[in-house]
Every structure is written in structure tokens, then in C-alpha cells.
Amino acid sequence: MCEDDDPQVLDTLSKLADSCYGAHDLEKAKQRYEELYEKYCEVSDEADGRAVDALRNLAGVCHELGEDEEARRLVEKVLDRSALNSEDPRERCQALLVCGLLYKQIGEMNTASDCFEKAYDISRDSFEETDPMTLESLNSLALCYQSQKQFEQAYAGFSELYRKYVHLYGENDHRTIGVLERLASACRKTERFEEASKFYDHLYRCNLAVLGTEHDDTYDAGLKAAECFYALGNDQKALDLYLEILKIEMEKYPGLGIGRIFTSKELVRRWKRFIQYEKGIEFYREFFADLSIPVADDAFLMLGHASVAPEFMDLPDDETEINTCKKEYEKCVRKYGPRHPKTLNSLNSLAESYFWASEFDQAAERFRQLYDFCQQTPEKYHSLSLHYLERIADCYERMKQYDQTLETLRVLYDQRKAEMPDDIETIRTLS
């Protein structure tokens, strides 16, 4: 039996509190962080780093609950016990970083950036430029600027930090790659597309080498690099990069899975400027000739026909796309009824158009309608119902509604697990 102050118990309680916070169950998170803070104080003291972290998160929860006075009281409680007036510059820097994080947690961004600036000034005067305290202060300051949408200052901070990380750890180290991602983002925000394209392309290659093709960060960096090439007017380089990413995606999501990628009107829209007729035909034959493509997957057809039909090149904007899909759906309901395949197909298109316009609540509602329909005749639409469950989970995740995401994925997992044979020999045979 573990004692309450056992490190494993405290670690589990910490993870539980973080999970409640991540799922936005604020009342439970508040209760857990209070409990965690008290337990840390029992085993050490209030100035212990873990106790301060628990108190910082507790202040953040109070702020989100609208209990700003309580959040401020908690921040002041930490500040009273900090080493802000210490003669040791390292202790003073650390205290300022803690203060900055606390103020950032309760939304007082200007005060937070002041703390980070002071910490960075002290660290530059007192330590080497590659000292961990100097690097941490600079990173905290740049991140704070980024949160305040002060992208020029964020760019300057991340640029300097990246130079130091390359010198210290090399280009392919995960710490350097993390800074490179933030620097590339700052370049994009400040419309430094030349630098952004170079950084994102490098980030894509690094992720490819370190994380492999399975990781979403690899795919994301490649797409952003292509977008930057597009912004620079370098259509050919963008096209080549899209083709490269596409080959990876074809291998990653064989069969039905790839339909999800190409239902993305956003991705299709990116192609419209740089599809070349000859390359389009070659591409269509090479990748799609042997696939059985459902008519519902408009994007497959668009990509294929774009090589021979110029009218497919001019895809509508998100709002026009949604309105068109909505009218088509309403027309199908009137003409065929709500359960007709054509009506359901038009509802699917409407759901996808909402998703790719980032209207995830509307998309989730439509995918839920489709899922409920499939559940009425599970023997016929079982695979499709799993597909819609996954799309609903995608929507919840994009809305950062992690409790609903988790609940939906759990249902999906249970249904998929039920399909798997229990007999180990059968599993081996299947594999």
C-alpha cells in the first residue's frame, strides 16, 4: 500500500490534475491542484518547485473560473516566498521566471513580459550567453511576445535562440528543432516568406529524419513550407513538395483512410494554382488508376479532372462552398427524403465543408447526424459509422474539447476492439 506522500502517488495526482485541466473540468482541476499543493507542502515546503507549479496551475484554474481575486491572492502568495530580492543572480532570475509564468497564467501578459525581460537582462549580465538560465529566460521572453502577438520581437528572440541552439546541440537535436518551429512560425507571421520557406523546409527534412513519416509534425511542416513557396510565387517547388508529401500520405493511409485527406477542400484548393496539365494526368494515372474511388470523394475527382478540365481549377471560398453544400442538401431532402443515399452524400459534403472552414461545432453536428443514421442499420453501415465517429472526435479535438474527444475515441476503440478475434492463433494468422 502506497502512502499519500509516496512520489508515485504524488506523480499520479499531478497527472490527474493536469488531465482535469486539459479536459476543462475546472472545478475538479481546482480540487486536485489544491490537494496536490497541500501534499507537496507536507513533504517539503511552500518554496519547493513542485509546490510552486501546483500553485501556479491552481491560479490559472481560478482565473479561468472567473475567480480573479483568488488567482491574484495565490500569485502574491508565491511572490512573497520567492527569491526576488536574493543577492544570488541565479536565484533572482529563477524567481523572475516563476513570477512571469504566474502572471502569464492569470492573463497579465504585460507584467509577465516585464518579468521575463528583467530575467533576461540579469542573465546576460551575470552568465554566459549559452548558460541554461540565459537560454530559458530568452525562450520565455520570446514565447511571451508570441502570446501577445508581438511577432517582430518574437522573431528576434527565436532567431537569437536558434543560433545558440545550433551552436550548442546541432541542427537535428530535438531541442533545436523545437526552437526552429517557433522561429519559422514567427517568420510566417511577419511575412518573411523567404526565411519561413527555408526554415519550414529544413524543419520538414529534420522531422522526416528524426520523427519519420508517421508523425503529424512532419506532414504539417511540409505543408507550411509549400505554402511559403506558394506565397513567394515558386509554384514548381511547391508542387514538387506537395507531390512528395502526397506519396508519404498514400503509404501512411492506404484504402479508405486516404479519402479523408482528399475530402479536404483546403488541400485541393492549394493545388489549383500549380497543377500542370501533363503532370496532373501523369499523377492521376500513377496514384489513382488502381483505386476504387467512391463518387462521394469529390476531391479525388477534382484532382483527377483538374488536369483536363480548367473549370475545376477555380474552387470556391469556404463561405460559398458551405452555402452551395447547404442548398444541395436542402434540395435533396425535399426531392428524395432525409434517408436517401444522395441526401446523405450531400450531408457528408456539408459536414466536410464546415470542417475545412474551421466551423468545427457545425461539422460535429452534421457528422453526428450521419453517425446516428448509420447506427440505425449497423449491419449495413458499420464501417461508415466508425469513420463518422472518428470525424466527430477530430472536431472535438480541434475545438479543444478533450473530454468529449476522449469519450468519442473510447467508443470508437470499444467498437473496433469488438471486431478483433480473441483467439491468439487467429490473430497471428490474420497478421
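When we follow numbering that gives the first Met the number 0, the leftmost residue of the sequence shown carries the number 0, and every step to the right adds one.
No residue lacks a Cβ here, since even glycine has one placed at the ideal position from N, Cα and C.
Residue span of the alpha helix (DSSP H) that contains residue i, given as start and end
| i | result |
| --- | --- |
| L160 | F150 to Y168 |
| S24 | The residue you asked about is not Ser; residue 24 is Asp in the sequence shown. No alpha helix (DSSP H) holds D24; DSSP gives it neither H nor E. |
| Q481 | Residue 481 is absent from the model: the chain starts at 0 and stops at 430. |
| E180 | H173 to K188 |
| F354 | P340 to W355 |
| S382 | P377 to R397 |
| S196 | F192 to V209 |
| G99 | P88 to Q104 |
Euclidean distance between Cα positions of residue i and residue j
| i | j | result |
| --- | --- | --- |
| A431 | R415 | With the chain covering 0 to 430 only, the question about residue 431 has no answer from this structure. |
| T189 | Y370 | 42 angstroms |
| K76 | E34 | 17 angstroms |
| L78 | L238 | 54 angstroms |
| Y486 | Y20 | Residue 486 lies beyond the residue range present for the chain, which begins at 0 and ends at 430; the question has no answer from this structure. |
| Q368 | E396 | 18 angstroms |
| A16 | Y218 | 32 angstroms |
| D87 | Q104 | 26 angstroms |
| K14 | F192 | 40 angstroms |
| P131 | P377 | 57 angstroms |
| L240 | G99 | 40 angstroms |
| H166 | A58 | 37 angstroms |
| D113 | P340 | 60 angstroms |
| A392 | H214 | 19 angstroms |
| L405 | S122 | 42 angstroms |
| A466 | R409 | Residue 466 lies beyond the stretch modelled for the chain, which goes from 0 to 430, so this question has no answer here. |
| L96 | Q7 | 27 angstroms |
| K399 | K148 | 21 angstroms |
| I321 | Y328 | 10 angstroms |
| L210 | L242 | 20 angstroms |
| N109 | F115 | 10 angstroms |
| L134 | F126 | 10 angstroms |
| A386 | V74 | Note that residue 386 is His in the sequence shown here, rather than Ala. For H386 and V74, the distance between alpha carbons rounds to 46 angstroms. |
| A356 | S85 | 52 angstroms |
| I244 | E180 | 18 angstroms |
| R338 | K330 | 13 angstroms |
| N56 | A363 | 30 angstroms |
Backbone secondary structure at residue i - three-state DSSP
| i | result |
| --- | --- |
| F261 | Per-residue confidence for F261 stands at a pLDDT of 43, beneath the threshold of 50, marking its modelled position as unreliable; the derived number appears in the next sentence. Helix at F261. |
| A111 | helix |
| H442 | This structure cannot speak to residue 442, because the chain is shown only from 0 to 430. |
| S122 | helix |
| P337 | coil |
| Q400 | coil |
| G221 | helix |
| E358 | coil |
| E327 | helix |
| N56 | helix |
| E66 | coil |
| N84 | coil |
| N322 | helix |
| E470 | The structure shown has nothing for residue 470, since the chain only spans 0 to 430. |
| L15 | helix |
| L240 | helix |
| E127 | coil |
| L73 | helix |
| L231 | coil |
Contacting residues, own chain, Cβ-Cβ under 6 angstroms from residue i (five flanking each side not counted)
| i | result |
| --- | --- |
| Q361 | Y353 |
| C373 | Y380, L383 and S384 |
| A153 | A141, Y144, Q145 and A185 |
| D205 | Residue 205 is actually Cys in this sequence, not Asp. Only N171 and I176 meet the Cβ criterion. |
| K278 | Annotation note: pLDDT 47 at K278 (below 50); position unreliable, coordinate value reported separately. Taken in chain order, the list of residues that qualify is empty. |
| E194 | C186 |
| D402 | A22 |
| A375 | According to the sequence provided, residue 375 is Gln. The question's Ala does not apply to it. Correct list: empty, nothing qualifies. |
7 angstroms Cβ shell around residue i - same chain, five flanking residues per side excluded
| i | result |
| --- | --- |
| R365 | L346, L349, A350 and Y353 |
| V178 | F157, L160, Y161 and Y164 |
| Y119 | S136, L137 and L140 |
| Y203 | T217, A220, G221 and A224 |
| G106 | H62 |
| S196 | A224, C227, F228 and L231 |
Cβ shell of residue i (< 8 angstroms), same chain only, five flanking positions each side left out
| i | result |
| --- | --- |
| V60 | Y20, L25, A28, K29 and Y32 |
| Y39 | L9, D47, R49, A50 and A53 |
| Y168 | R174 and T175 |
| G336 | T342 |
| S430 | Annotation note: pLDDT 33 at S430 (below 50); position unreliable, coordinate value reported separately. So the list is empty, once near-sequence residues are dropped. |
| T129 | K163, H166 and L167 |
| K487 | A question about residue 487 goes unanswered here, because the residues of the chain that appear run from 0 up to 430. |
| T407 | L388, I391, A392 and Y395 |
Closer than 9 angstroms to chain B by CB, residue i
| i | result |
| --- | --- |
| D17 | Given the protein chain composition of this structure (a single chain), no chain B is represented. |
Are the region 86–100 and the region 61–71 touching, with three or more C-beta to C-beta distances below 8 angstroms?
no
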